Each structure stands twice: as C-alpha cells, then as structure tokens.
Amino acid sequence: MPRWPHDDPASLAAYYGDPETGAPGKQLVPVAPPFTMYYAGKAVPHIMFHRKAAPALTAALDDIWRACGRNQATVDRLRISAFSGAYNPRYVRGYEPGNPEGRTPRWSNHAYGAAIDFDADHNGFNTGHGTMPQLVIDAFKRQGALWGGDYQGRTDPMHFEFCSREAASKPATLMDVPQTDGDTDGDAAPPAVETPPASPSAGGFFGRLRNWIVTSASGVGLTGLGALTNGEVVAMLLGFVLLIIVGSFLVALWLWGKQNVADWIARHIA
Numbered sequence: 001m002p003r004w005p006h007d008d009p010a011s012l013a014a015y016y017g018d019p020e021t022g023a024p025g026k027q028l029v030p031v032a033p034p035f036t037m038y039y040a041g042k043a044v045p046h047i048m049f050h051r052k053a054a055p056a057l058t059a060a061l062d063d064i065w066r067a068c069g070r071n072q073a074t075v076d077r078l079r080i081s082a083f084s085g086a087y088n089p090r091y092v093r094g095y096e097p098g099n100p101e102g103r104t105p106r107w108s109n110h111a112y113g114a115a116i117d118f119d120a121d122h123n124g125f126n127t128g129h130g131t132m133p134q135l136v137i138d139a140f141k142r143q144g145a146l147w148g149g150d151y152q153g154r155t156d157p158m159h160f161e162f163c164s165r166e167a168a169s170k171p172a173t174l175m176d177v178p179q180t181d182g183d184t185d186g187d188a189a190p191p192a193v194e195t196p197p198a199s200p201s202a203g204g205f206f207g208r209l210r211n212w213i214v215t216s217a218s219g220v221g222l223t224g225l226g227a228l229t230n231g232e233v234v235a236m237l238l239g240f241v242l243l244i245i246v247g248s249f250l251v252a253l254w255l256w257g258k259q260n261v262a263d264w265i266a267r268h269i270a
C-alpha cells in the first residue's frame, strides 16, 4: 500500500507541490476510467489527477470495475459513474483568506490534485455515510486513501483523498479519522477536466495503455505527455514500431551490406 503524506499543509506541499505557486496543477496526468463516468450529463473521457496519486486512482477504479462485473449498468445503478470533481485549486470551505472567523487559510486537498468526489447529489456534506457503496470505499482504502464518510464530526461521504491522518511512526488506520473542516466539492465550480469528444474506447484498452504511458513517463519527469489522447497513443506506438523497423534495417545494411540483406530478404520474406 502506498505511503501518503500527512494531511497538513507542509507535508502535502512537500509531496504534491505548493498550490500557492500552482505546482500541483503542472503535475496533472489524465486518468481514463475503465467505465463511463458523467459530469452534468456529459461523458468524462478522463480525470486530471496528480501524477503521484494517479496510479492509485487507476487501481481503485479498476478494482471497482472488477467488483461490478465489468458491467456499466451495475456501475450506473450504484451511481458510481456520477463524477463530482477532482483537481480544483481552491481553499477549504470556511478557510478562505479573510474568512470572518479568522481561521488560517488552508488549501483543499482537491487543490493538490489528490482528491476525488463521487455522486454529490446523494452523498452531500454532513450526511453521515451517505449512500456510497461499500465496494467503492473498500477499493479506495486498499490504495491507502481516506474516506470522508469516516470523518468525525462533519462527514463528507462523496470524498476520497490520498493523504494520511496518522503520525508517520504509527501504522495507517482509516477509521475514526477526525475532520473539522470539510472538503466537499458539492457546491464548487465545475471540476477541472479535459473534455475532448468522448469515444467508446475512452475507458478501454487504449485508455489504460495511455494511463500506463503517461504515468510511467511522469515518473521520470516527462509530464508533458499528460495531454495524450487515445488516438495519439496509437499514432505514437505505430511511429515507434516503424522507427524500430527502419533502424534495424539500416543497421543490417551497415553490418552485412546491401547484397547480403537483399539475399536474406529473398530467402525468408519474399
């Protein structure tokens, strides 16, 4: 299970980057859900998420898809396909700069690109455990995420976040997590998602392949690949294969000469 940063501004900024400088927004990569998700009635082709947490989000969504028997109707019936927000560079409600209570301003975990909300209509702020399916809760907890339905005091059952509330020296536990601020996106502006035209393959093989390429490249600092679409993944792979073929042919010509290569092709290919 991944070890996530403690849920305090210094630890989150050290791990994900400081929202004050826009650093988390520069490290977002697209995560294509394995099932169709919707925001305001429109299909969401991919969710922009911090590159360090994107593999865990992908694993949780894949786990949910398997638990639903890879059946879109089941996902829709459980309202898991209702996407309610992810990356959003905003402050925690009531902790904005200049708030009347004089609280120290604090960025929402959505501002780090490390939190996601589902089905806000039925899992609103301070509604206990809401109606969040247990299979969704279990999938995210297997990745070490915290669930807002476990918060003490004010709950936020739509909300999952990749951070920790335990001291670094203690084993991670995810129950009875204290919560005093509330991080819901239920009344937020539309979430920051890229919205190219949705396609049937958005959550299929090429979507997962794109996630793998983007997250792998991001691990070595190549975050610019985050804008790849499914079609661009296919084009890139075909170009790479063509480059290998041409390169191998040129090396063969250099090593064995034109006539020997022509004879080999005549014997084995022609």
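Under our numbering, the first residue of the sequence shown carries the number 1, and numbering increases by one thereafter. Ideal placement from N, C-alpha and C gives every residue a C-beta, glycine not left out. These numbers were taken from a predicted model, which means no experiment stands behind them.
Check: Distance, Cα to Cα, PRO100 vs ASP119?; Outcome: 30 Å
Check: Assess contact between the region 46-66 and the region 101-109, defined as three or more Cβ pairs (one per stretch) separated by less than 8 Å. Is contact present?; Outcome: no
Check: Taking the CB atoms as reference points, tell me whether GLY144 and PRO24 lie closer together than 7 Å.; Outcome: no
Check: Would you list the one or two residues that DSSP bridges to ILE80?; Outcome: Paired residues: none, contrary to the question.
Check: The beta strand (DSSP E) that contains ILE269, what's its start and end?; Outcome: No beta strand (DSSP E) holds ILE269; DSSP gives it neither H nor E.
Check: Name the residue from PHE162, ILE269, VAL246 and ILE245 whose alpha carbon lies nearest to the alpha carbon of LEU57.; Outcome: PHE162
Check: What residues match up with ALA115 in a beta bridge as DSSP calls it?; Outcome: GLU161
Check: Under 8 Å Cβ to Cβ from THR155, same chain only, skipping five residues before and after it: list those, please.; Outcome: PHE125, ASN126, THR127, GLY128, HIS129, GLY130, GLY148, GLY149 and GLN179
Check: Looking at the strands, I want to know which residues DSSP matches up with TRP254.; Outcome: Note: TRP254 sits in no beta bridge, so no partner.
Check: Starting from the C-beta of ARG79, find all residues in its chain whose C-beta is less than 7 Å away, skip the five residues before and the five after it, and write them out in chain order.; Outcome: ASP119 and HIS122
Check: Which one or two residues does DSSP pair with VAL29 in a beta bridge?; Outcome: PHE49
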